[in-house]
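Here's the structure we're looking at; comments come further down.
Number of protein chains: 2
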Amino acid sequence: MDSTFRRTPNIHLQDLIDGLTSGNRVFLSRAITLIESKRVDDKKEGAELIDRIISNTGKSLRIGITGVPGVGKSTFIEAFGKLLTDAGKKVAVLSIDPSSSRTKGSILGDKTRMDELSKDPNAFIRPSASGSSLGGVASSTREAMLLCEAAGFEIIIVETVGVGQSETVVRDMVDYFLLLMLAGGGDELQGIKRGIMEMADHIVINKADGANIKSAKKARDDYKNAVHLFPPNEADWIIPVGVCSSTEKSGIKDVWMEIDKYQTHTEKNGWFAENRQKQAIKWFHERIQARLEETFYSKPNIKIEIQKREELISSQKLSVRKAVDELFN
Amino acid sequence: MDSTFRRTPNIHLQDLIDGLTSGNRVFLSRAITLIESKRVDDKKEGAELIDRIISNTGKSLRIGITGVPGVGKSTFIEAFGKLLTDAGKKVAVLSIDPSSSRTKGSILGDKTRMDELSKDPNAFIRPSASGSSLGGVASSTREAMLLCEAAGFEIIIVETVGVGQSETVVRDMVDYFLLLMLAGGGDELQGIKRGIMEMADHIVINKADGANIKSAKKARDDYKNAVHLFPPNEADWIIPVGVCSSTEKSGIKDVWMEIDKYQTHTEKNGWFAENRQKQAIKWFHERIQARLEETFYSKPNIKIEIQKREELISSQKLSVRKAVDELFN
Numbered sequence: 638m639d640s641t642f643r644r645t646p647n648i649h650l651q652d653l654i655d656g657l658t659s660g661n662r663v664f665l666s667r668a669i670t671l672i673e674s675k676r677v678d679d680k681k682e683g684a685e686l687i688d689r690i691i692s693n694t695g696k697s698l699r700i701g702i703t704g705v706p707g708v709g710k711s712t713f714i715e716a717f718g719k720l721l722t723d724a725g726k727k728v729a730v731l732s733i734d735p736s737s738s739r740t741k742g743s744i745l746g747d748k749t750r751m752d753e754l755s756k757d758p759n760a761f762i763r764p765s766a767s768g769s770s771l772g773g774v775a776s777s778t779r780e781a782m783l784l785c786e787a788a789g790f791e792i793i794i795v796e797t798v799g800v801g802q803s804e805t806v807v808r809d810m811v812d813y814f815l816l817l818m819l820a821g822g823g824d825e826l827q828g829i830k831r832g833i834m835e836m837a838d839h840i841v842i843n844k845a846d847g848a849n850i851k852s853a854k855k856a857r858d859d860y861k862n863a864v865h866l867f868p869p870n871e872a873d874w875i876i877p878v879g880v881c882s883s884t885e886k887s888g889i890k891d892v893w894m895e896i897d898k899y900q901t902h903t904e905k906n907g908w909f910a911e912n913r914q915k916q917a918i919k920w921f922h923e924r925i926q927a928r929l930e931e932t933f934y935s936k937p938n939i940k941i942e943i944q945k946r947e948e949l950i951s952s953q954k955l956s957v958r959k960a961v962d963e964l965f966n
Numbered sequence: 638m639d640s641t642f643r644r645t646p647n648i649h650l651q652d653l654i655d656g657l658t659s660g661n662r663v664f665l666s667r668a669i670t671l672i673e674s675k676r677v678d679d680k681k682e683g684a685e686l687i688d689r690i691i692s693n694t695g696k697s698l699r700i701g702i703t704g705v706p707g708v709g710k711s712t713f714i715e716a717f718g719k720l721l722t723d724a725g726k727k728v729a730v731l732s733i734d735p736s737s738s739r740t741k742g743s744i745l746g747d748k749t750r751m752d753e754l755s756k757d758p759n760a761f762i763r764p765s766a767s768g769s770s771l772g773g774v775a776s777s778t779r780e781a782m783l784l785c786e787a788a789g790f791e792i793i794i795v796e797t798v799g800v801g802q803s804e805t806v807v808r809d810m811v812d813y814f815l816l817l818m819l820a821g822g823g824d825e826l827q828g829i830k831r832g833i834m835e836m837a838d839h840i841v842i843n844k845a846d847g848a849n850i851k852s853a854k855k856a857r858d859d860y861k862n863a864v865h866l867f868p869p870n871e872a873d874w875i876i877p878v879g880v881c882s883s884t885e886k887s888g889i890k891d892v893w894m895e896i897d898k899y900q901t902h903t904e905k906n907g908w909f910a911e912n913r914q915k916q917a918i919k920w921f922h923e924r925i926q927a928r929l930e931e932t933f934y935s936k937p938n939i940k941i942e943i944q945k946r947e948e949l950i951s952s953q954k955l956s957v958r959k960a961v962d963e964l965f966n
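Pasting the structure below:
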């Protein structure tokens, strides 16, 4: 899936679009590789591609899933995805992991992790775009999401491992944000960043099976009490807290029922559409900002000039105001 | 305190610095007005001023206080501030309220609200800078904080009413972030934004007096349980939850004792200094970003061009990628 493979000579943009919109997963894959490319000519073609399918997008339900490593995200997505494909839905799974890189074999990794789903004709699994900046990776994932929608996928799952600010980034691109947790609290939560719990639309305690059932239910009750104390969210939605076992496939259907309820609720009160619009506008301004920064930080010597000033600022020898003035003069 | 009053002709920068560093509150006030000014010549002088006092700063303890309107922030700060000034400490109170404006009489408002403290020779109360952007107001408040430190103030309290993103902004400039709450949960929390609870270093249930005592203690216990489920913070600090009555002045000393404990704890584990440095570097990059945006958004017609594209993006007629490309070409 490297760039030489993608650039099959005789594929014209129109053919790519036709293949993609007919739901062909090979064309979808190629389209995603195109929009992820950093080559100047690819970028131009990618912009053209996205612009030509944009009116075909937005019809899916976008679900973000986060949780610390070890919480069982892949197993959960496998069980959850199969539930949906078995019900006849087309499901795409994308992921945001700014630390991943193609050469680490994350495609194989993902496909192995989601064995059944990867073989399902109604499913499409795509690993995280590689890239040095989270903003860039996030933007590629958003565009991949649009391409999946144009290809007729009805449920898009965006998974994140929660590196850096990736939870916030995922939350800003989905309709529903699901937090998977483990019973026990304390140590297991090390990886979850502060503020994420309150941002979730749903908390599910995974691995509620065998000897864990009791502690999972205890955790559920504790979190229910905690969630009750959180301020209400803009969707006017009380965060449900549930338990599930991805291996025993129990509680998975309940997760879907809550999501379905959320969609009905927010479509009725207007939040669903409002949130989508806000997200798109926010994305636009983030890309403007990213472009401004790219231009600025790529100036010759700028990194050295900044680093020099960071040291002076840290040791209280230079004020931030003067440092900025110097950089811009 | 308007600009004509400030621009007393014969005040030279050196005199301002001398007056300020001797602890004179009138000079401190003038210095803050100077750094808040948007006039080109004032900006130059303000940068010079900040740069000349910068090595004199950083020696205070910076405490952020937030809570919804009606939680009793002013009464709390009055009681808390008096406790500290009575112990011989010099206390400055600043505030961040991007919605405030001088003409609304917020100076008088603040001084009336904190009657005793405003008359205290060891206290200095300064209302929020006015300004259209939160970033600008925040930057002025940071600089005002530095000026207060240069003037020998040992405790700086930054209060915020929690408009927009102001809690996050305050949290990024203080050592300790205190969240005042009321018993009862639910409706009273409408104003607190999601994610703030988990970002607090301390939660205090105010108005624990009279008939409220029981429900306040109940709320404290509930929050204690909730806080226990939060992921650990970078300071390796378990958020204390307490009750107080600002009018009866009970529990106020306990708040100070926790803060003192936090300072000792984080000075020992290195977080105190590390956090300060991270905050300064982050501020630097935020100001770079703000300057880039100022330059970009002040271009002729840019607002119209952006608005036009926002509408097309909202109605899915234009992709974000193409919109950004168009703006930059």
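So the sequences go chain by chain: A and B.
For the first sequence, position 308 matches number 945 in my numbering, and the numbering has no gaps at all.
For the second sequence, position 46 matches number 683 in my numbering, and the numbering has no gaps at all.
Glycine included, C-beta positions come from ideal geometry on N, C-alpha and C.
Everything numeric in this text was worked out from a predicted model, so none of it was measured.
* Determine, using beta carbons only, whether aspartate 688 of chain B comes closer than 8 Å to chain A. => Interface residue, yes.
* Asked: Mind checking whether leucine 815 of chain A and aspartate 838 of chain A have CB atoms under 8 Å apart?
  -> Against a cut-off of 8 Å, the Cβ pair of aspartate 838 of chain A and leucine 815 of chain A comes out as a contact.
* Asked: Cβ-heavy atom distance between valine 730 of chain B and the ligand GDP below 7 Å?
  -> Of ligands this structure carries none, so the ligand GDP is not represented either.
* Helix or strand or just coil, what does DSSP make of isoleucine 669 of chain A? -> helix
* **Member of A/Phe965, A/Arg958, A/Val841 and A/Asn966 whose CA lies at the smallest distance from the CA of arginine 689 of chain B** => A/Arg958
* Asked: So is glutamine 651 of chain A in contact with chain B if we call contact Cβ pairs under 8 Å?
  -> no
* Return helix, strand or coil for histidine 839 of chain A, following the three-state DSSP convention. => strand
* **Interface flag, alanine 863 of chain B vs chain A, CB-CB below 8 Å** => yes
* **Host beta strand (DSSP E) of isoleucine 793 of chain A (start-end)** => Per DSSP, isoleucine 793 of chain A belongs to the beta strand (DSSP E) from 792–797.
* Asked: Alpha carbon to alpha carbon, how far is leucine 686 of chain A from glycine 695 of chain B?
  -> 53 Å
* Residue-chain proximity (alanine 787 of chain B, chain A), Cβ-Cβ < 8 Å -> Taking Cβ atoms only, chain A never reaches closer than 8 Å to alanine 787 of chain B, which makes this a no.
* **Cα-Cα separation, aspartate 897 of chain B to alanine 853 of chain A** => 37 Å
* Any alpha helix (DSSP H) of 4 or more consecutive residues that is wholly inside the stretch 870–918 of chain A -> 889–906
* At 9 Å on the CB atoms, spell out the chain D contacts of isoleucine 669 of chain B, in chain order. => Absent from the structure is chain D; the protein chains it does hold are A and B.
* threonine 932 of chain A, buried or exposed, once every other Cβ within 10 Å from all chains shown has been counted against 16 -> exposed
* What separation, rounded to the nearest whole angstrom, lies between the Cα atoms of isoleucine 700 of chain A and asparagine 938 of chain B? -> 38 Å
* To do: Starting from the C-beta of leucine 698 of chain A, find all residues in its chain whose C-beta is less than 8 Å away, skip the five residues before and the five after it, and write them out in chain order.
  => Glu791, Ile792, Ile793, Asp812, Tyr813, Ile896 and Gln900
* To do: Might you give, ordered along the chain, the residues of its own chain that have their beta carbon closer than 6 Å to the beta carbon of aspartate 757 of chain B, omitting 5 neighbours on each side?
  => The answer, listed in chain order, is Thr722.
* Run down chain B in chain order and give the residues with a C-beta less than 7 Å from the C-beta of leucine 771 of chain A. => By Cβ distance, chain B contributes nothing, its closest Cβ being about 15 Å from leucine 771 of chain A, past 7 Å.
* Asked: Where does tyrosine 860 of chain B land, buried or exposed, given buried means 16+ other C-beta within 10 angstroms?
  -> buried
* Looking at C-alpha atoms only, which residue of B/Val806, B/Ala787 and B/Ala927 is the closest neighbour of asparagine 661 of chain B? -> B/Ala787
* **Neighbourhood of lysine 741 of chain B by C-beta, 6 Å cutoff - its chain only, sequence neighbours within 5 removed** => Because lysine 741 of chain B carries a pLDDT of 42, less than 50, the predicted location of this residue cannot be relied on, and the following value inherits that uncertainty. Once the five neighbours on either side are set aside, lysine 741 of chain B has no close Cβ partner at all.
* Cβ of isoleucine 829 of chain A less than 8 Å from any chain B Cβ? -> yes
* Asked: Between glycine 709 of chain B and valine 798 of chain B, what straight-line distance do the alpha-carbon atoms span, to the nearest angstrom?
  -> Roughly 11 Å separates the two Cα atoms.
* Can you name, in chain order, every residue of its own chain whose Cβ lies under 7 Å from the Cβ of glycine 683 of chain B, other than the five neighbours on each side? -> Leu671, Ile672 and Ser674
* Where the stretch 850–878 of chain A meets chain B: residues whose CB sits under 8 Å from a CB there -> Identification of residues in the stretch 850–878 of chain A having a C-beta nearer than 8 Å to some C-beta of chain B yields Asp859, Tyr860, Asn862, Ala863, His865, Leu866, Phe867, Pro868, Pro869 and Asn870, given in sequence order.
* May I ask you to list the residues that DSSP assigns as paired with leucine 698 of chain A? => A/Ile792
* Is there a Cβ from chain B that is less than 8 Å from the Cβ of lysine 727 of chain A? -> No, no contact with chain B.
* Limits of the unbroken beta strand (DSSP E) element including valine 621 of chain A -> Only positions 638 to 966 of chain A appear in this structure, which leaves residue 621 of chain A out of reach.
* **Outcome for asparagine 759 of chain A when other beta-carbon atoms lying within 10 angstroms are tallied against a minimum of 16** => buried
* To do: Could you tell me if isoleucine 654 of chain A is buried or exposed, where buried requires 16 or more neighbouring beta carbons within 10 angstroms of its beta carbon?
  => buried
* Asked: Hey, would you say glycine 832 of chain B sits closer than 8 Å to methionine 836 of chain A, going by beta carbons?
  -> Yes, they are a contact pair.
* Start-to-end residues for the beta strand (DSSP E) that takes in alanine 760 of chain A -> Residues 760–762.
* **chain A residues whose Cβ lies nearer than 8 Å to that of phenylalanine 933 of chain B** => Ile925 and Leu929
* In the DSSP assignment, what residue or residues form a beta bridge with threonine 703 of chain B? -> BP columns for threonine 703 of chain B point to B/Thr797 and B/Leu816.
* threonine 778 of chain B and isoleucine 733 of chain B: beta carbons closer than 8 Å? -> Yes, the pair counts as a contact, with Cβ atoms nearer than the cut-off.
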